[in-house]
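Numbering (our numbering), first residue to last: 1422 to 1618.
The beta-carbon is built from N, C-alpha and C at its ideal position, and this holds for glycine as well.
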């Protein structure tokens, strides 16, 4: 996929594109993630970019987008106040503000993550501690793709992946949710060409 093709297909009113990935970013890639965020925000008019507000790739993508237009960037956080950065003025949705009992599909698909499956029920039932918080991160990752009754679903996703150890952790879970819901996505094997031209 070329950049122009991506813009032509996904730059429409209401479009949501995920920009996210691994917490550990190769030093030589950091500027490229920032550049991708700013390039996409400059080339598009309507897309709202979404992340999970994590350190690493999410943060670098956010720097790029918000340097151009912070009104078209949103984050979904596992709890209120998660990594709140006053530098950026963007839309934030917190799991604390979402009635998860009314989002059965989100819960069902979050349980695809075997490591947190049992913790998810505890978290939804109101048990909040450092152990069940792991479930909050997976639920957040699911919502980033599916949305909720009040949050639009994603139309496309762009990832920064660990190419030597792919499909692991929260990024792997988010990619899995994209796959089973037909949300097309790419990683840096495609988008690095966009920023290196």
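Problem - Where residue 1482 falls: helix, strand or coil (DSSP) - result: By one-based count along the chain shown, residue 1482 stands at place 61. Residue 1482 falls in the helix class under three-state DSSP.
Practice task
Could you tell me whether the Cβ atoms of residue 1573 and residue 1437 are closer together than 8 Å?
Solution key: Your numbering for residue 1573 matches position 152 in the chain shown. Your numbering for residue 1437 matches position 16 in the chain shown. Yes.
Exercise for the section: Keeping to the same chain, check which residues put their C-beta closer than 8 Å to that of residue 1485; ignore five residues upstream and five downstream. Expected result: Taking the first residue of the chain shown as position 1, residue 1485 is located at position 64. Hits under 8 Å: 1454, 1455, 1456, 1457, 1458, 1459, 1460, 1461 and 1462.
Problem - Limits of the beta strand (DSSP E) - the one that residue 1471 falls within - result: Counting from 1 along the chain shown, the entry for residue 1471 is found at position 50. From DSSP, the beta strand (DSSP E) with residue 1471 extends over 1469-1472.
Problem - Inter-residue spacing [alpha-carbon to alpha-carbon] between residue 1507 and residue 1495 - result: Within the chain shown, the letter at position 86 stands for residue 1507. Within the chain shown, the letter at position 74 stands for residue 1495. Bear in mind that a pLDDT of 49 at residue 1507, under 50, signals an unreliable position, so the number given afterwards is only what the model happens to contain. Residue 1507 and residue 1495: Cα-Cα distance of roughly 14 Å.
Problem - CB of residue 1537 within 8 Å of CB of residue 1556, strictly - result: Locating residue 1537 in the chain shown gives position 116, where the first residue counts as 1. Locating residue 1556 in the chain shown gives position 135, where the first residue counts as 1. Their beta carbons are under 8 Å apart, which means residue 1537 touches residue 1556 by this criterion.
Handout entry: CA-to-CA distance, residue 1601 to residue 1554, given in whole angstroms
Key = Within the chain shown, numbered from 1, the residue matching residue 1554 stands at position 133. Within the chain shown, numbered from 1, the residue matching residue 1601 stands at position 180. The straight-line gap from Cα to Cα measures roughly 25 Å.
Handout entry: Nonlocal neighbours in the same chain, by C-beta distance under 8 Å from residue 1527, ignoring five residues either side
Key = As a working mapping, residue 1527 is identified with position 106 in the chain shown. Cβ within range, chain order: 1521, 1560, 1563, 1564, 1567 and 1569.
Exercise for the section: Write down the C-beta distance between residue 1498 and residue 1474 rounded to the nearest angstrom, noting that I regard them as a contact closer than 8 Å. Expected result: Here the question's residue 1498 lines up with position 77 in the chain shown. Here the question's residue 1474 lines up with position 53 in the chain shown. Separation of the CB atoms of residue 1498 and residue 1474 is rounded to 5 Å, and the pair is thereby assigned contact status at 8 Å.
Problem - Between the CA atoms of residue 1549 and residue 1530 - distance to the nearest angstrom - result: Within the chain shown, the letter at position 109 stands for residue 1530. Within the chain shown, the letter at position 128 stands for residue 1549. Taking the straight line joining both Cα atoms gives about 20 Å.
Handout entry: Those runs of the alpha helix (DSSP H) which lie wholly inside the segment 1564-1589 and span at least 4 residues
Key = List check, alpha helix (DSSP H) in window: nothing returned.
Exercise for the section: Tell me whether residue 1607 sits in a helix, a strand or coil according to DSSP, three-state version. Expected result: Indexing the chain shown from 1 puts residue 1607 at position 186. It is a strand residue.
Exercise for the section: Give the straight-line distance between the Cα atoms of residue 1616 and residue 1452, rounded to the nearest whole angstrom. Expected result: Working through the chain shown from its first residue, we reach residue 1616 at position 195. Working through the chain shown from its first residue, we reach residue 1452 at position 31. Taking the CA atoms as reference points, residue 1616 sits about 10 Å from residue 1452.
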